[in-house]
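Visitor: This structure is in structure tokens; I'll ask about it shortly.
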Amino acid sequence: MSALRWTVGRLGGLVFVLWAAATLTFFTLRLIPGDPAEAVLGGPGSQASEEALAAARAEYGLDQPLVVQYLTQLARYARFDFGTSYALRQPVAQVIGDQLAGTIALAVMALALAWVLALLVAVWSTRSGRLAAGIGTGLEVVAVAIPHFWLATSLVLLFSSTLGWLPALSGSSAAGLVLPVITLAIPLAGFIGQVMRESLLDALSSPFVLAARTRGETATGVIWRHALRHAALPAIGLSGWAFGSLVSGAVVVETIFARPGIGRSLLSAVQARDVPLVTGIVLIVALAYSVVTTATDFFERIADPRLRLAAVA
Amino acid sequence: MVATSAALLLFLLTAAVLPGLLAPGNPLAIAPLEAFQPPSAAHLLGTDESGRDLYTRIIHGAGPSLLIGAFATVIGLGLGGVLGAIAGLGPHWVDAGTTRFVEVLFAFPGLLLALLFIVIAGPGPLTSTVAVGLATAPGYARLVRTQVLAVRRSAYVESAIVLGRGWWRRLVRHIAPNVGGTLFVLVTLGIGQSIVWASALSYLGLGVSPPAAEWGAMLSAGRTYVGSFWWLTFFPGLAIVLSAASTTLLGRHLQQRTRSS
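Here's what the structure looks like:
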């Protein structure tokens, strides 16, 4: 298969997934009991008048046949037009636009920290004997099992309430970012570390490492210059999973640290059953997820010649 | 490490089935005069804002917390298993279609599918359990499909075909038992994750709500006092971490054993 055909196929798959995700979301949200026009006006408790309901139906196209509504919505989604948030009375696109940067900053920093931690633990525990390997495994298992919400409250307890070093609420200061980033990074580091250590051990027992050693490469050099490159690939392949962990984590972490962002908006939208806002955020996350996994596939293909050769054979 | 986690799990299971044996008190009994007692001999893990004994509540909370985690895993594995089995056993076009569908579900990562379900069904213990099950189903579907395909193409199934065994007999006698072993490992590995997610939903106010003795709900209630009364959030969280970590370790141990045998 040529590189061009592979690329076109992969991008086609991306578009298909986005279309299907939007369709699934549209029809799933139709299952919500109650009159959607009433929901627009604030739910069944709002006691909206018949005229107001009719106006809302006309405004949101709810009087049209379902197929027409679906196609209209799909065209709107494609233009990032998700309607107006019921609860905030603001265009959903604007709400998301305001919140997105904060969440991305948080996620990127957490991802970077998670990689550094995972790398250090993986290298240390493969090099320093059985005890270190045991400690490494233990650390990773506990890190994976720790729920974000407990880690966050424990860190606040230690660093804010007891030591008073860092603020318990995030705000917009740089110091306020430290605890949220650590909270998001630790469970992720545990997961990446597990995969990385396994593939590092795998790489260290493979012929190319022996070959490098016979050429006079030091034990440290073998790890950093040869084996790690090999070991990082499977961990990069898990980027989709890491993305999911960061999104779920952001919901919890932004709520606990009172930090503005997509995750916290999603939670309050779910609590208020703010359908347009939920739809908007869910679809933006689905888009981001699909782009991340597609980019990972491209990267893996470039970094690992075996994938390209396997496709030819 | 395996022995420790097995012992811990046994303790948690005892707490879940017979909480009265380990903590004879009533988890909901309030005693306002004894509110906010730090851990002591009388109250091993302290008391909460209504003077309820935290140790008693955590022991009695094991039942609901573990049950929700187990149920969510069963739902996730049931849905995922059916999808995975259809994909793995069906003809090529069925496999392609089902795999595509699972791929679409993957575009709602982590808690997203769960939150989407809660928007439709409304919050509560039952919906949060189903929500966690739904959220984990795509992962199981992928794993089960891979496993079914591997078994289906194995030498012993091929020899069963050569011997002229019918498809039903191949499915029941050869494929199902061999996939089943792996499924058991998956359940053990998955329960820990489900417990954590379900308690996260309770913590966010979308699952079990206080004053019920459920670990996530207890953590959520203790959050208000995190600065002054640390034990209210620390111990319920520890219970979640320990149960999730011990099931995961046990699952890994089983995985290695099935791999090497």
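The listed protein sequences correspond, in order, to chains F and B. Each step along the first sequence adds one to the number in the numbering used here, with nothing skipped, and position 285 is 285. Start counting at 1 in the second sequence, then tack on 1000, and there's your number in the numbering used here. Note that the Cβ used here is the ideal one computed from N, Cα and C, for glycine as well. Computed from a prediction, not measured in an experiment: that's the story for all the values here.
1) Nearest CA to the CA of I256(F): which residue from L1238(B), T1099(B), T1224(B)?
2) Closer than 8 angstroms by beta-carbon distance: list the chain F residues that pair up with T1233(B), in chain order.
3) Spatial neighbours of L1242(B) within its chain, please: C-beta separation below 7 angstroms, excluding the five flanking residues on both sides.
4) Let's test the definition: count the other Cβ atoms within 10 Å of the Cβ of E50(F) and tell me whether it reaches 16, buried, or not, exposed.
5) Report yes or no: do the segment 197-208 of chain F and the segment 223-241 of chain F share at least 3 C-beta pairs separated by less than 8 angstroms?
6) Scan the segment 1226-1258 of chain B for residues whose Cβ lies nearer than 9 angstroms to a Cβ of chain F and list them as they occur along the chain.
7) Taking the straight line between their C-alpha atoms, what separation do you get for T294(F) and A1107(B)?
8) At a Cβ cut of 8 angstroms, what residues of the segment 206-225 of chain F count as close to chain C, listed as they run along the chain?
9) Looking at C-alpha atoms only, which residue of I192(F), V92(F), A168(F) is the closest neighbour of L139(F)?
10) Please state if the CB of S1202(B) and the CB of G1216(B) are separated by a distance shorter than 8 angstroms.
11) Cα separation between G164(F) and L179(F)?
12) Can you tell which of Q90(F), A219(F), F159(F), T126(F) has the C-alpha that lies nearest to the C-alpha of A269(F)?
13) Against chain B, with Cβ distances strictly below 8 angstroms, would V312(F) count as a contact?
14) Leaving aside the five residues before and after F208(F) along the sequence, list all residues of the same chain whose C-beta is less than 7 angstroms from its C-beta, in chain order.
15) If the cut is a Cβ gap below 8 angstroms, which residues of chain B does I314(F) touch?
16) Express the C-alpha separation of T279(F) and I104(F) in angstroms, rounding to a whole number.
17) For M1218(B), go through chain F and note every residue whose CB falls closer than 7 angstroms to its CB, in chain order.
18) Where does V312(F) sit, in a helix, a strand or coil, going by DSSP?
19) If the criterion is Cβ atoms closer than 8 angstroms, does the pair I1120(B) and L74(F) meet it?
20) Could you tell me whether the Cβ atoms of E1034(B) and T1047(B) are closer together than 8 angstroms?
21) Excluding sequence positions up to five away, which residues of its chain have a Cβ less than 7 angstroms from the Cβ of V285(F)?
22) Against chain B, does P147(F) count as a neighbour if the rule is that its beta carbon must be under 8 angstroms from one of theirs?
23) Please return the same chain residues whose Cβ sits closer than 7 angstroms to the Cβ of L1012(B), not counting the five positions on each side in sequence.
24) Report the rounded CA-to-CA distance for G97(F) versus S85(F), giving the unit in angstroms.
25) Using CA atoms only, rank isn't needed, just tell me which of L1250(B), T1248(B), V1130(B), M1218(B) is closest to E1049(B).
26) Taking the alpha-carbon positions, what's the Q1255(B) to I186(F) distance?
27) Let me know the secondary structure DSSP gives A98(F) once reduced to three states.
28) Does P1091(B) come out as helix, strand or coil in the three-state DSSP assignment?
29) Using a Cβ-Cβ distance cut-off of 8 angstroms, determine whether G1110(B) contacts chain F.
30) Of all Cβ atoms in chain F, is any one closer than 8 angstroms to the Cβ of S1194(B)?
31) Can you list the residues of chain F that A1107(B) reaches, using a CB-CB cut of under 7 angstroms?
32) Only counting the same chain, and skipping five residues up and downstream in sequence, which positions put a Cβ closer than 8 angstroms to that of W375(F)?
33) Return the CA-CA distance between A145(F) and T1247(B), expressed in angstroms with no decimal places.
34) Note down, in chain order, all residues in the segment 230-243 of chain F with a beta-carbon under 9 angstroms from any beta-carbon belonging to chain B.
35) With V315(F) as the anchor, note down where its alpha helix (DSSP H) starts and where it stops.
36) Looking only at its chain, what residues have a beta carbon closer than 7 angstroms to the beta carbon of S1220(B), apart from the 5 residues adjacent to it on each side?
Guide: According to the structure shown:
1) Against the first sequence, residue 256(F) aligns to sequence position 256. Here the closest residue by C-alpha is T1224(B).
2) Numbered from its first residue, the second sequence carries residue 1233(B) at position 233. Per Cβ cutoff of 8 angstroms: W150, T153, S154, L157.
3) Along the second sequence, one-based indexing puts residue 1242(B) at 242. Excluding sequence neighbours, L1242(B) sits near L1008.
4) By 1-based counting over the first sequence, the position of residue 50(F) is 50. Exposed.
5) yes
6) V1226, G1227, S1228, W1230, T1233, F1234, P1236, G1237, L1238, I1240, V1241, L1242, S1243, A1244, A1245, S1246, T1247, T1248, L1249, R1252
7) Counted from its first residue, the first sequence places residue 294(F) at position 294. Counted from its first residue, the second sequence places residue 1107(B) at position 107. One C-alpha to the other measures close to 12 angstroms.
8) Although the question refers to chain C, the structure presented lacks it and instead comprises the protein chains F and B.
9) For the purposes of this step, residue 139(F) is identified with residue 139 of the first sequence, where counting begins at 1. Measuring from the Cα of L139(F), the nearest candidate turns out to be I192(F).
10) As a working mapping, residue 1216(B) is identified with position 216 in the second sequence. As a working mapping, residue 1202(B) is identified with position 202 in the second sequence. In contact: G1216(B) and S1202(B) (Cβ atoms closer than 8 angstroms).
11) Numbered from 1 along the first sequence, position 164 holds the residue referred to as residue 164(F). Numbered from 1 along the first sequence, position 179 holds the residue referred to as residue 179(F). Each residue's alpha carbon lies about 12 angstroms from the other.
12) Within the first sequence, numbered from 1, the residue matching residue 269(F) stands at position 269. Out of Q90(F), A219(F), F159(F), T126(F), Q90(F) has the C-alpha closest to the C-alpha of A269(F).
13) Stepping through the first sequence from its first residue, residue 312(F) is reached at position 312. Low local confidence applies: a pLDDT of 48 at V312(F) is under 50, so the model's placement there is unreliable, and no value is given.
14) For the purposes of this step, residue 208(F) is taken as the residue at position 208 of the first sequence. Closer than 7 angstroms at the Cβ level, and outside the excluded window around F208(F), lie H226.
15) Nothing can be reported for residue 314(F): it is not among the residues displayed for chain F, which extend from 1 to 313.
16) Walking along the first sequence from the start, residue 104(F) turns up at place 104. Walking along the first sequence from the start, residue 279(F) turns up at place 279. For I104(F) and T279(F), the distance between alpha carbons rounds to 19 angstroms.
17) What you label residue 1218(B) is simply residue 218 of the second sequence in a count that begins at 1. Here the premise fails: no neighbours, minimum Cβ distance about 11 angstroms.
18) Residue numbering aside, residue 312(F) sits at position 312 when the first sequence is read from its first letter. A caution first: V312(F) carries a pLDDT of 48, below 50, which makes its placement in the model unreliable, though a value can still be read off. The answer is helix: DSSP assigns V312(F) an H, G or I state.
19) Within the second sequence, the letter at position 120 stands for residue 1120(B). Within the first sequence, the letter at position 74 stands for residue 74(F). Their beta carbons are not under 8 angstroms apart, which means I1120(B) does not touch L74(F) by this criterion.
20) Stepping through the second sequence from its first residue, residue 1034(B) is reached at position 34. Stepping through the second sequence from its first residue, residue 1047(B) is reached at position 47. Yes, the Cβ-Cβ distance between E1034(B) and T1047(B) is below 8 angstroms.
21) In the first sequence, residue 285(F) corresponds to position 285, counting from 1. Counting only Cβ-Cβ distances below 7 angstroms, and skipping sequence neighbours, we find V247.
22) As a first step, residue 147(F) is located in the first sequence; it is residue number 147 there, counting from the start. So yes, P147(F) belongs to the interface.
23) Position 12 of the second sequence, counted from the first residue, corresponds to residue 1012(B). Correct list, in chain order: A1062, L1066, S1243.
24) For the purposes of this step, residue 97(F) is identified with residue 97 of the first sequence, where counting begins at 1. For the purposes of this step, residue 85(F) is identified with residue 85 of the first sequence, where counting begins at 1. Looking at the two C-alpha atoms, the distance is approximately 13 angstroms.
25) What you label residue 1049(B) is simply residue 49 of the second sequence in a count that begins at 1. Measuring from the Cα of E1049(B), the nearest candidate turns out to be M1218(B).
26) Position 255 of the second sequence, counted from the start, is the residue given in the question as residue 1255(B). Position 186 of the first sequence, counted from the start, is the residue given in the question as residue 186(F). Cα-Cα distance, rounded: 24 angstroms.
27) Within the first sequence, residue 98(F) is the residue found at index 98, counting from 1. The question names Ala, yet the displayed sequence has Asp at residue 98(F). D98(F): helix per DSSP, three-state reduction.
28) In the second sequence, residue 1091(B) corresponds to position 91, counting from 1. It is coil, neither helix nor strand.
29) The sequence position of residue 1110(B) within the second sequence is 110, counting from 1. It does: the Cβ of G1110(B) has a partner Cβ on chain F nearer than 8 angstroms.
30) Counting from one through the second sequence, the residue named residue 1194(B) turns up at place 194. Not an interface residue.
31) Taking the second sequence and counting its residues from 1, the one referred to as residue 1107(B) is at position 107. Residues of chain F passing the Cβ test: V17, A21, A286, Y289, S290.
32) Lying outside 1 to 313, the shown extent of chain F, residue 375(F) is not represented and no answer is given.
33) Numbered from its first residue, the first sequence carries residue 145(F) at position 145. Numbered from its first residue, the second sequence carries residue 1247(B) at position 247. If I take the Cα positions, the gap works out to 10 angstroms.
34) G240, W241, F243
35) With chain F covering 1 to 313 only, the question about residue 315(F) has no answer from this structure.
36) Position 220 of the second sequence, counting from 1, holds the residue named residue 1220(B). S1202, Y1203, G1205, P1210.
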